[in-house]
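Participant:
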Amino acid sequence: MSTALLRVTDLKKSYGAIQAVGGVSFEVRPGEIFGVIGPNGSGKTTLFNSMLGQITPDSGRIELKGDDVTKLGPLALNRRGVGRTFQTLQVFGKMTVRENLIVAAQEHHGTMWSRMFAPGDSGLGPKADALIDQFRIRHVADKKAGTLSYGQQKLVDIGMAFMSDPDLVLLDEPCAGVNPSLVGGLSSLLKELNQTRKGSFVVIEHNMDFVMDLCHRIMVMVEGRVMAIGTPAEIRGNKQVLDAYLGN
Amino acid sequence: MKKMQLALMAVAAAALLIAPNMLKSYGIYLLSYWLVYIIATMGLNLTVGYAGQKSLGHAAFFGIGAYTVAILMKAGVSFWLGLPAAALLCFAVGLVLGFPALRVQAIYLAFATLGFNTAIWLLMRNEEWLTGGTFGINNIARPELAGLSLEGNLAYYYFVLAVTVLLALLLWGLLRSPWGKAFTALRDNPIRAESLGVSVRSYTLLSFAIGAAYAGIAGALFASLVQFIEPAPFAVAASIMMYLMVVVGGPGYFWGPVLGAAVGVIVPEWLRDVPGVSDWYLPLFGAAVVVLMVWLPEGLLSIPDRIRARREAREASAARSAAAANVGAVT
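Chain order of the listed sequences is A and B. The opening residue of the first sequence carries number 1 in the working numbering; numbering runs sequentially from there. The opening residue of the second sequence carries number 1 in the working numbering; numbering runs sequentially from there.
1) Alpha helix (DSSP H) containing B:Gly-94: first to last residue?
2) So, B:Gly-219 versus B:Phe-62, is the Cβ gap smaller than 8 Å?
3) Work out the CA separation of A:Pro-119 and A:Phe-210 for me, nearest whole Å.
4) Please confirm whether B:Val-48 has its beta-carbon closer than 8 Å to some beta-carbon of chain A.
5) Taking 8 Å as the CB-CB cut-off, is A:Ile-132 touching chain B?
6) With respect to 7 Å, is the separation between the Cβ of A:Ala-161 and the closest non-hydrogen atom of the ligand NAD below this value?
7) Within 8 Å of any Cβ in chain A, is that where the Cβ of B:Ala-316 sits?
8) According to the Cβ coordinates, are B:Lys-181 and A:Gln-106 closer than 8 Å?
9) Near A:Lys-71, which residues of its chain fall below 7 Å by C-beta distance, leaving aside the five closest residues on each side in sequence?
10) Grab me the residues of B:Glu-144's own chain with a C-beta within less than 7 Å of its C-beta, minus the 5 sequence neighbours each way, in chain order.
11) Compute the Euclidean distance between the alpha carbons of A:Pro-232 and A:Ile-33, then round it to the nearest angstrom.
12) Take B:Ser-25 as the anchor and find which of B:Lys-74, B:Tyr-156, B:Ala-209 has the nearest alpha-carbon.
13) Where does A:Asp-68 fall in DSSP's three states?
14) I'd like to know whether the C-beta of B:Thr-331 is nearer than 8 Å to at least one C-beta of chain A.
15) Kindly provide the ranges of any alpha helix (DSSP H) runs that are 4 or more residues long and lie completely inside the stretch 95-173 of chain A, ordered along the chain.
16) Below 8 Å on the Cβ atoms is my contact criterion, and I expect A:Val-156 with A:Asn-100 to pass it. Report the Cβ-Cβ distance as a whole number of Å.
17) Is it a yes or a no for the stretch 114-132 of chain A touching the stretch 169-178 of chain B, going by three-plus beta-carbon pairs under 8 Å?
18) Return the chain-ordered list of same chain residues with a C-beta closer than 8 Å to the C-beta of A:Gly-125, the five sequence neighbours on each side being excluded.
19) Who does A:Phe-26 pair with in a DSSP beta bridge?
20) Pick from B:Leu-23, B:Val-247, B:Leu-271, B:Val-36: whose alpha carbon is nearest that of B:Val-290?
21) Kindly indicate if chain A contains any beta-carbon less than 8 Å away from that of B:Lys-2.
22) Check A:Arg-52 in the structure and name its three-state DSSP category.
23) Tell me the residue span of the beta strand (DSSP E) that contains A:Arg-217.
24) Could you check which residue in A:Asn-238, A:His-108, A:Gly-146, A:Lys-94 has the C-alpha nearest to that of B:Val-198?
25) Any beta-carbon of chain B closer than 8 Å to the one on A:Ala-118?
26) What residues in the stretch 56-81 of chain A bring their beta carbon closer than 9 Å to a beta carbon of chain B?
27) Between B:Met-42 and A:Leu-131, what straight-line distance do the alpha-carbon atoms span, to the nearest angstrom?
28) For B:Leu-259 and B:Leu-244, what's the separation of their Cα atoms in angstroms?
29) By DSSP, does B:Asn-138 sit in helix, in strand, or in coil?
30) Taking just the CA atoms, how far does A:Met-95 sit from A:Asp-142?
31) Going along the chain, which residues of its own chain have a beta-carbon closer than 6 Å to the beta-carbon of A:His-216, five neighbours each way excluded?
32) Can you list, in chain order, the stretches of the alpha helix (DSSP H) that have 4 or more residues and sit fully within the stretch 220-267 of chain B?
33) Scan the stretch 187-203 of chain B for residues whose Cβ lies nearer than 7 Å to a Cβ of chain A and list them as they occur along the chain.
34) When the Cα atoms are used, what is the spatial distance from B:Ala-101 to A:Asn-78?
35) Does DSSP classify B:Ala-218 as helix, strand or coil?
36) Apply the 10 Å Cβ neighbour rule to B:Met-4 and answer buried if 16 or more other Cβ atoms are within range, or exposed otherwise.
Next up, the structure:
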């Protein structure tokens, strides 16, 4: 009945007596960049881990393209078109940049047994090269990822999430550790990816300028609950949000 | 660099083909022994070096392979049926041993596999009706190949060499396929790997199973090489020695087992005849391993990579400095 790509309904998760997420509901539309903000301890990470299959919520429902995926693990979610990045760098340091990108998508091609006899790049070399160009990291394409600068590794890390053409990418603090002078470039790159790849993103981030510039809609979480959902302009003008989180 | 590698491989191949003709019978036997350990440690290198699973039970598979061939041959079955049977049995048992690796990692996995090795060793020692117990199984014949006897040390050496080359090529192909990258991803970061669709479960089990199959083949060749087997070469100490061979050569380096097995098999025998050294070989070997773990934890073959990494780090640092003023561009 709805066109939501991702729908989360009344999600709850407690750790002992502490309720980390207390009945969160929202939906992400196709092609949308959806931001999740909130102070530390507001339940963002628990929500994220639930959506990624890292933890099982106590109750509630998560739907992807209309299918119930509440109890699926990370592997099954990836196979259904969910990509992710991590807050900390998670590249494969001993592989080259190109190999990192290829391994990020190879399991989506053929069967396990056919991959045993497939060429080393699984036929993904041209696709990896296209992404390398889009991310402007051609000059380090054949270098081991572990030898690159933090900013370059961050780009590889993000690129890996997009290699399998996911419908939904969850980005966990993409600006964490990135030089402030590079944040604008990262925002432009993500907007470009959103336009060219037609995917939806969910972004957790503490950098408010970045979130306000990048996201179409933003959800504010406080103490495990949704305080507000709206466009960046609406969130900026929400007195409750200003008082509780953003300040003046 | 590639030309250099090809030249080195050509020299090594020529040496392996020619050298036995210049050696006495024991020297040829020793080279065959080395090749058998190369096969076993190639399998362990896949499990430990490429897939990152801490296995201290590899000698158990080596033993299962050896006893499978020996028992079958004593029952009148051909070596040529015993060899694949040993590989298949070890593959199946390796698959089963992989399951604990899905639940425990690192030192806990090492202890689980060590326990497995002990159980298999006790089985070999105590089930006398099947294995001969501590008396072992003797007079294990060497096979014939297309009417050609492999009974002599030189003939058997060339046979083992051919099997080693064939298995090395198979492993090389496997590691260059997408499976190779999946194993490496599993080793380096299983959580990230799974988030990219790499089935940690499947590749963990396969790394154990394939590694075990290599050990099984090595064990089968070992049985016919030494022609007498008993439980001692398949005890936990042998697993630790095999692990050490992989670590010394360089875990995750294709040629690591060649070097590691040479250090573990050839060097002790060579030093045995060096006056004043023979009594000190084991303490010296132990001290060398300690030094290696401190200075070269990734093994001897990591030396060129370390040099290259330092050079690249220097170049990258210089490049970043040069581009520092270029605001907005990701350096």
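Note that beta-carbon positions come from the ideal geometry of N, C-alpha and C, so glycine has one too.
Facilitator: Well, looking at it:
1) 79-101
2) yes
3) 40 Å
4) no
5) no
6) For the structure depicted, the ligand NAD is absent and the ligand set is empty, with no information on it obtainable.
7) yes
8) yes
9) Thr-56
10) The answer, listed in chain order, is Leu-150.
11) 11 Å
12) B:Tyr-156
13) strand
14) No answer about B:Thr-331 holds up, because its pLDDT of 44 lies below 50 and its placement is not dependable.
15) Listed in chain order, they are 97-103, 112-116, 125-134, 150-162.
16) 5 Å
17) Yes, since at least three Cβ pairs between the stretch 114-132 of chain A and the stretch 169-178 of chain B fall closer than 8 Å, the two stretches touch.
18) Arg-98, Ile-102
19) A:Val-8
20) Nearest in C-alpha terms to B:Val-290, of all of B:Leu-23, B:Val-247, B:Leu-271, B:Val-36, is B:Val-247.
21) no
22) The sequence shown places Leu at residue 52 of chain A, rather than the Arg named in the question. Note: A:Leu-52 maps to coil in three-state DSSP.
23) 217-222
24) A:His-108
25) yes
26) Gly-73, Pro-74, Leu-75, Leu-77, Asn-78, Arg-79
27) 35 Å
28) 11 Å
29) strand
30) 9 Å
31) Taken in chain order, the residues that qualify are Glu-32, Ile-33.
32) 236-249, 256-261
33) Asp-188, Asn-189, Arg-192, Glu-194, Ser-195, Leu-196, Gly-197, Val-198, Ser-199, Ser-202
34) 23 Å
35) B:Ala-218 falls in the helix class under three-state DSSP.
36) By the neighbour-count rule (16 or more Cβ atoms within 10 Å), B:Met-4 is not buried but exposed.
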